[in-house]
């Protein structure tokens, strides 16, 4: 997830032509952000200081991928110790996740600044940043659920994880409609700080803290973040759908690609409906017993279709519903339809591998196509002279 205060556009228009999300020639456009004054000036000063410490030869995309890798690794450590999101991990694992998320936030906040500083801005950088954000969202919502041991309340865990993915998708959905990426009063940076605090509370208080009852209302402390997610989802989605239904910049209020403003709902709707059906109809309680694998399997699919949506916006092209990303969830659905002819847990792992491989294949393909067309490198920048630095 990228900080709203640091999202720096990365260059003017460049050629593109998309056929089924394949970039060949034409005009590839930036996501136009709607900026706001930062309520966290201390963070802004910290980011300015940090980017000044980064060598000028380091590519912005390299900064982004290092931040993502750090966040993914620290979350996987937590997944290793808490596969059902009900266990107590070592206290250092929660601290590691807090540090990992802070590192990701910091590096994600300065990649655009580094691009401006080194004159290496490009649409590839914008797409690469959003792509990493889509994957990071999956690991952040999963890690947060594990930290509060939300696996003991599977319905809440399911809602919180998929609500996070849905809201991230909606942010780019409204961008696809209006042509502008808008930010809220409480946005990514504030949410990330809140999650870091949750990791620290898990490290200090352990499971006893999240299982403790709140006086008077008599609910467990772990339900408070879930309720906050519910309220935040209502608030955010209200704003998103106001733009989606009234802010279309295309012909007759359509998307910037001239398609129906409701067309993107088919993709994310298919992911969530399939996930819900498989969760509720599983004979072996697949989600309850293996929530981490389950969230990752569907999370990779969500990340893939979100990346497709970003590409569709940047290229003003239509999103096609048919996608190999749905193969994994489709196998799980068919297996249940035929009374679990193959062990559901085995099929879940197959779905996880398929969705991950498809996501990596798609991202590598798109990045290589854009880099090749723009005659640039994904993780390297051209040597700089002092006169080229700002």
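Numbering (our numbering), first residue to last: 229 to 618. Virtual Cβ for every residue (Gly too), placed ideally from N, Cα, C.
Quiz item: Does the Cβ of residue 609 have 16 or more other Cβ atoms within 10 Å, making it buried, or fewer, making it exposed?
Solution: Counting from 1 along the chain shown, the entry for residue 609 is found at position 381. Looking at its Cβ environment, which holds 16 or more other Cβ atoms inside 10 Å, residue 609 is buried.
Quiz item: Just how far apart, CA to CA, sit residue 336 and residue 565?
Solution: In the chain shown, the residue the question calls residue 336 occupies position 108. In the chain shown, the residue the question calls residue 565 occupies position 337. The C-alpha of residue 565 is placed about 42 Å away from the C-alpha of residue 336.
Quiz item: With distances taken from CA atoms, which of 536, 512, 545 and 502 is nearest residue 525?
Solution: Taking the first residue of the chain shown as position 1, residue 525 is located at position 297. Looking at the Cα atoms, 502 is the closest of the given residues.
Quiz item: Where DSSP assigns a beta bridge to residue 429, which residues make up the other side?
Solution: Here residue 429 corresponds to residue number 201 of the chain shown, with the count starting at 1. Beta-bridge pairing by DSSP links residue 429 to no other residue.
Quiz item: Which residues bound the alpha helix (DSSP H) around residue 314?
Solution: Counting from 1 along the chain shown, the entry for residue 314 is found at position 86. Here residue 314 belongs to no alpha helix (DSSP H), and DSSP marks it neither H nor E.
Practice problem: Leaving aside the five residues before and after residue 575 along the sequence, list all residues of the same chain whose C-beta is less than 8 Å from its C-beta, in chain order. | Solution: The residue given as residue 575 occupies position 347 in the chain shown. 559, 560 and 563, listed in sequence order.
Quiz item: DSSP beta-bridge partners for residue 448?
Solution: For the purposes of this step, residue 448 is taken as the residue at position 220 of the chain shown. Answer by DSSP bridge pairing, in chain order: 441.
Quiz item: Is it right to say residue 181 is buried, meaning 16 or more other beta carbons lie within 10 angstroms of its own, or is it exposed?
Solution: Absent from the model: residue 181. The displayed extent of the chain is 229 to 618, so no value can be given.
Practice problem: From the DSSP output, in three-state form, read off residue 632 for me. | Solution: Examination of residue 632 is not possible in this model, given that the chain is present from 229 through 618 alone.
Quiz item: Can you tell which of 421, 456, 363 and 402 has the C-alpha that lies nearest to the C-alpha of residue 300?
Solution: Counting from 1 along the chain shown, the entry for residue 300 is found at position 72. Considering only 421, 456, 363 and 402, the residue with the shortest C-alpha distance to residue 300 is 363.
Quiz item: Is it true that the stretch 279-294 meets the stretch 387-406, where meeting means three or more beta-carbon pairs spaced less than 8 Å apart?
Solution: As far as the Cβ criterion goes, the stretch 279-294 does not touch the stretch 387-406, which means the pair count is below three.
Practice problem: Whole angstroms is fine: what's the gap from residue 557's alpha carbon to residue 533's? | Solution: The sequence position of residue 557 within the chain shown is 329, counting from 1. The sequence position of residue 533 within the chain shown is 305, counting from 1. Computed Cα separation, rounded: 13 Å.
Quiz item: Is it a yes or a no for the stretch 450-459 touching the stretch 374-382, going by three-plus beta-carbon pairs under 8 Å?
Solution: Contact between the stretch 450-459 and the stretch 374-382 is present: three or more C-beta pairs spanning the two stretches fall below 8 Å.
Exercise. To the nearest angstrom, report how far apart residue 310 and residue 317 are at their CA atoms.
Key: Numbered from 1 along the chain shown, position 82 holds the residue referred to as residue 310. Numbered from 1 along the chain shown, position 89 holds the residue referred to as residue 317. Near 6 Å, if we compare the C-alpha coordinates of residue 317 and residue 310.
Practice problem: Alpha carbon to alpha carbon, how far is residue 289 from residue 353? Give it in angstroms, no decimals. | Solution: Looking up residue 353 in the chain shown gives position 125. Looking up residue 289 in the chain shown gives position 61. Cα to Cα, residue 353 sits roughly 6 Å from residue 289.
Quiz item: Of all the options 517, 326 and 287, which has the alpha carbon lying nearest to the alpha carbon of residue 419?
Solution: Counted from its first residue, the chain shown places residue 419 at position 191. Closest by alpha carbon: 326.
Exercise. Confirm the yes/no value for this check: CB of residue 325, any heavy atom of the ligand ATP, distance under 8 Å.
Key: With respect to the ligand ATP, the structure shown offers nothing to examine, as it has no ligands at all.
Exercise. Keeping to the same chain, check which residues put their C-beta closer than 6 Å to that of residue 482; ignore five residues upstream and five downstream.
Key: Taking the chain shown and counting its residues from 1, one reaches residue 482 at position 254. Taking residue 482 as the centre and dropping the five residues before and after it, the same chain places the C-beta of 476 closer than 6 Å to its C-beta, in chain order.
Quiz prompt | Cα-Cα separation, residue 496 to residue 313 | solution = On the chain shown, residue 496 is found 268 positions in, with the first residue counted as 1. On the chain shown, residue 313 is found 85 positions in, with the first residue counted as 1. Going by C-alpha positions, residue 496 is about 25 Å away from residue 313.
Quiz item: Under the three-state reduction of DSSP, which class applies to residue 601: helix, strand or coil?
Solution: The residue given as residue 601 occupies position 373 in the chain shown. Helix at residue 601.
Practice problem: State yes or no: is the C-beta of residue 417 within less than 9 Å of the C-beta of residue 409? | Solution: As a position in the chain shown, residue 417 is number 189, starting the count at 1. As a position in the chain shown, residue 409 is number 181, starting the count at 1. Not closer than 9 Å, so no.
Quiz item: Under a three-way DSSP split, which group does residue 285 fall into?
Solution: In the chain shown, the residue the question calls residue 285 occupies position 57. In the structure shown, residue 285 sits in coil (DSSP, three-state: anything other than H, G, I, E or B).
Exercise. Just tell me which of 550, 539, 571 and 469 has its CA closest to the CA of residue 594.
Key: Your numbering for residue 594 matches position 366 in the chain shown. With distances taken between CA atoms, residue 594 lies nearest to 539 out of 550, 539, 571 and 469.
Quiz item: Got a sec? Which residues, its chain only, sit under 7 Å from residue 579 by beta carbon, not counting five neighbours each side?
Solution: The count along the chain shown starts at 1 and reaches residue 579 at position 351. Within the same chain, residue 579 has close Cβ partners 525, 556, 557, 559 and 560.
Quiz item: How would you call residue 535, buried or exposed, if buried means at least 16 neighbouring beta carbons within 10 angstroms?
Solution: For the purposes of this step, residue 535 is taken as residue 307 along the chain shown, with counting starting at 1. Residue 535 should be labelled buried.
Quiz item: Are at least three pairs of beta-carbons, each pair with one atom in the stretch 581-600 and one in the stretch 540-555, less than 8 Å apart?
Solution: Touching, yes.
Quiz item: Taking C-beta to C-beta, are residue 303 and residue 370 nearer than 9 Å?
Solution: What you label residue 303 is simply residue 75 of the chain shown in a count that begins at 1. What you label residue 370 is simply residue 142 of the chain shown in a count that begins at 1. One thing to note: residue 303 has its Cβ within 9 Å of the Cβ of residue 370.
Quiz item: Where does residue 326 fall in DSSP's three states?
Solution: As a working mapping, residue 326 is identified with position 98 in the chain shown. The answer is helix: DSSP assigns residue 326 an H, G or I state.
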